[in-house]
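First the structure, in the form of structure tokens, and then the observations on it.
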Amino acid sequence: MPEPRVLLDATAVPADRGGVGRYVDSLAAALDADGTRLTVVCQARDADLYSTLAPRARIVHTAQSAATRTARLTWEQTTLPGLVRRLAADVIHSPHYTLPLAARAASVVTLHDATFFTDAVLHSSVKARFFRAWTATALRRASLCVVPSLATADELRRVTRARGAELRVIQHGVDEQRFHPPTFEQVRAAREAIGLGTTPYVAFLGALEPRKNVPALIRGFCLAVADRPDPPALVLAGQPGWDSHVESALSAAPLRLRVIRAGYLPFGTLAGFLGGSELVAYPSLGEGFGLPVLEAMASGACVLTTRRLALPEVGGDAVAYCGVGAGDVAAALRDLLGDPVRRRELAQAALRRAKEFSWATSAAQHREAYDRAWYRYRRARAAQQARPLTAHTG
Numbered sequence: 001m002p003e004p005r006v007l008l009d010a011t012a013v014p015a016d017r018g019g020v021g022r023y024v025d026s027l028a029a030a031l032d033a034d035g036t037r038l039t040v041v042c043q044a045r046d047a048d049l050y051s052t053l054a055p056r057a058r059i060v061h062t063a064q065s066a067a068t069r070t071a072r073l074t075w076e077q078t079t080l081p082g083l084v085r086r087l088a089a090d091v092i093h094s095p096h097y098t099l100p101l102a103a104r105a106a107s108v109v110t111l112h113d114a115t116f117f118t119d120a121v122l123h124s125s126v127k128a129r130f131f132r133a134w135t136a137t138a139l140r141r142a143s144l145c146v147v148p149s150l151a152t153a154d155e156l157r158r159v160t161r162a163r164g165a166e167l168r169v170i171q172h173g174v175d176e177q178r179f180h181p182p183t184f185e186q187v188r189a190a191r192e193a194i195g196l197g198t199t200p201y202v203a204f205l206g207a208l209e210p211r212k213n214v215p216a217l218i219r220g221f222c223l224a225v226a227d228r229p230d231p232p233a234l235v236l237a238g239q240p241g242w243d244s245h246v247e248s249a250l251s252a253a254p255l256r257l258r259v260i261r262a263g264y265l266p267f268g269t270l271a272g273f274l275g276g277s278e279l280v281a282y283p284s285l286g287e288g289f290g291l292p293v294l295e296a297m298a299s300g301a302c303v304l305t306t307r308r309l310a311l312p313e314v315g316g317d318a319v320a321y322c323g324v325g326a327g328d329v330a331a332a333l334r335d336l337l338g339d340p341v342r343r344r345e346l347a348q349a350a351l352r353r354a355k356e357f358s359w360a361t362s363a364a365q366h367r368e369a370y371d372r373a374w375y376r377y378r379r380a381r382a383a384q385q386a387r388p389l390t391a392h393t394g
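Position 165, counted from 1, in the sequence shown is what UniProt numbering calls 165; the numbers after and before it change by one each time, with no gaps.
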């Protein structure tokens, strides 16, 4: 039996690559390198990128706009099923919660976390309702669902009716070509992109949304460095979110302390930004995986994070942990900033642990998931087709 022909729907990937975008890009490249019979469907602006990332794959770009969530969902439900049929795909991988309900193919859906159920207040109400509904639909309708951590699988089973769904835990990898201990020139380029000069800094990378706990990080940082004669800066890099408490925390910061909102940094500067820091602080309230933590580890950074949900599955014993309150963050930052030997030890341990996470391994496990989904789909169709005959002959 030949391997299934897989269609990877990359149309939900935004132009500014966050965690989900890096997951899809890296997976596409690894699947192509692993020999998957792959088609990538993407937005027109990404066609050249995927042609480079997956040179052996078939790249198909959408003719209509998928710029908004509504437009993309409409395209997914009305146009994509026909495209699946025309391209003769056996399996469609929908990597961001939703799936085409009318597509005649096995379906694999990636569910990145369960916080839309467990911590809905950390998301906008519209977003929480949307993703709760589609998570439940995927668990009910997909041939198989992929989750990036044991914590996410456990949470989904606890808060949804996922007991009958088939969940596969497949951890993300890390792109070692992009995330590695940076050279002096890469650190300097990152500093220039931020406008930082030579000041030491604590780094944060992620969207400024409530789940990332950035106000507690800002307040904790201010408490930790207030008495230092030459305090480092705090640099917040990432897309602007909707956390209204970030501005009030910034306003309350003492004028002598530098807290820089760097915004979205070019992808090529991230290793220099993360690896060039004194430490990377990521006091999240909960992650389905925690890709920024892994990328910081691979960049040779000392990392401080929390034990919420999947983060210990990524960090293991190679990162420092703290609670989620400003006082907890302050105590941990104070200890680490005052102990350069401990920071070096953690950075070295982080580098070793990061090598355990590979996109090649993730791609191989995704291929096994595609095979399983295709088998389940064919078995379900055969049973469905046999039912009327059984009823008639009985």
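Here a beta-carbon is modelled for each residue, glycine too, at the ideal position from N, C-alpha and C.
* What residues are listed by DSSP as bridge partners for D335? -> Beta-bridge analysis with DSSP links D335 to no other residue.
* Please report the residue range of the alpha helix (DSSP H) in which F184 lies. => Residues 184 to 194.
* To do: Taking only the alpha-carbon atoms, compute the straight-line gap between G394 and T118 and give it to the nearest angstrom.
  => Note that G394 scores a pLDDT of 46, beneath 50, so its modelled location is shaky and nothing firm can be said.
* Compare the C-alpha of residue 398 against each of L236, F131, A253 and name the closest. => Residue 398 lies beyond the stretch modelled for the chain, which goes from 1 to 394, so this question has no answer here.
* Asked: Can you tell me the Cα-Cα spacing of Y375 and F221, whole angstroms?
  -> The straight-line gap from Cα to Cα measures roughly 52 angstroms.
* Asked: Going by alpha carbons, who is nearest to T269 out of E192, P231, I260?
  -> Per the C-alpha coordinates, the member of E192, P231, I260 positioned closest to T269 is E192.
* By the 10 Å Cβ neighbour count, where 16 or more other Cβ atoms means buried, how is P210 classified, buried or exposed? -> Buried is the call here.
* Asked: From S107 to V146, what distance separates their C-alpha atoms?
  -> Rounded to whole angstroms, the separation of the alpha carbons of V146 and S107 is 11 angstroms.
* Output yes or no for whether 8 angstroms exceeds the beta carbon distance between R5 and R37. => In this structure, R5 lies near R37, with their beta-carbon atoms less than 8 angstroms apart.
* To do: Flag this pair as yes or no: are the beta carbons of P215 and A249 separated by less than 8 angstroms?
  => When the beta-carbon positions are compared, P215 and A249 come within less than 8 angstroms of each other.
* To do: Return the CA-CA distance between L27 and W359, expressed in angstroms with no decimal places.
  => Roughly 7 angstroms between the two C-alpha positions.
* Using 10 angstroms around the beta-carbon of W242, count the other beta-carbons present and answer buried if the total reaches 16, otherwise exposed. => Counting Cβ neighbours within 10 Å, W242 comes out exposed, since fewer than 16 surround it.
* Asked: From what residue to what residue does the beta strand (DSSP E) around L144 run?
  -> Per DSSP, L144 is one residue of the beta strand (DSSP E) stretching across 144 to 147.
* To do: State buried or exposed for L99, treating a residue as buried only when at least 16 other CB atoms are found within 10 Å of its CB.
  => Burial call: buried.
* Please list the segments of the beta strand (DSSP E) lying wholly inside the region 51 to 117, counting only runs of 3 or more residues, in order along the chain. => Whole beta strand (DSSP E) segments, 3+ residues: 58 to 61, 91 to 94, 106 to 110.
* Please confirm whether M297 and A354 have their CB atoms less than 8 angstroms apart. => Taking C-beta atoms as the reference points, M297 and A354 count as a pair closer than 8 angstroms.
* Residue nearest to V91 in terms of C-alpha spacing, selected from Q384, H366, A383 -> Measuring from the Cα of V91, the nearest candidate turns out to be H366.
* Could you check the C-alpha separation between L205 and A386 for me, to the nearest Å? => If you take the alpha carbons of L205 and A386, they lie about 53 angstroms apart.
* Asked: If you draw a straight line from the alpha carbon of P55 to that of G21, how long is it in whole angstroms?
  -> Each residue's alpha carbon lies about 18 angstroms from the other.
* Whole alpha helix (DSSP H) runs in the region 257 to 333 with 4 or more residues, listed along the chain? -> Entirely contained in the region 257 to 333, the alpha helix (DSSP H) runs reaching 4 residues are, in chain order, 270 to 275, 291 to 298, 311 to 315.
* Asked: So, is A383 buried or exposed, given that buried needs 16 or more other C-beta atoms within 10 angstroms?
  -> Around the C-beta of A383, fewer than 16 other C-beta atoms lie within 10 Å, and the residue is accordingly described as exposed.
* 8 angstroms contact criterion, which V84 and A105 should meet: CB distance rounded -> The pair is a contact, with the Cβ atoms about 5 angstroms apart (cut-off 8 angstroms).
* Asked: Using DSSP with H/G/I as helix, E/B as strand and the rest coil, what is V341?
  -> The answer is helix: DSSP assigns V341 an H, G or I state.
* **C-beta contact flag for A262 and V235 at 8 angstroms** => It is a contact, given that the beta carbons lie within the stated cut-off.
* To do: Would you identify the three-state DSSP class for P9, choosing helix, strand or coil?
  => A small correction: the amino acid at residue 9 is Asp; Pro does not occupy that position in the sequence shown. Note: D9 maps to strand in three-state DSSP.
* Asked: Are there 16 or more other CB atoms within 10 angstroms of the CB of G173, so buried, or fewer, so exposed?
  -> Label assigned to G173: buried.
* Hey, could you find the ends of the beta strand (DSSP E) L236 is sitting in? => Looking at the DSSP string, the run of the beta strand (DSSP E) that includes L236 is 233 to 237.
* L122 at chain B interface by Cβ criterion, 8 angstroms -> The structure shown contains no chain B; it holds only a single protein chain.
* **Backbone CA spacing between D371 and T361 [nearest angstrom]** => If you take the alpha carbons of D371 and T361, they lie about 16 angstroms apart.
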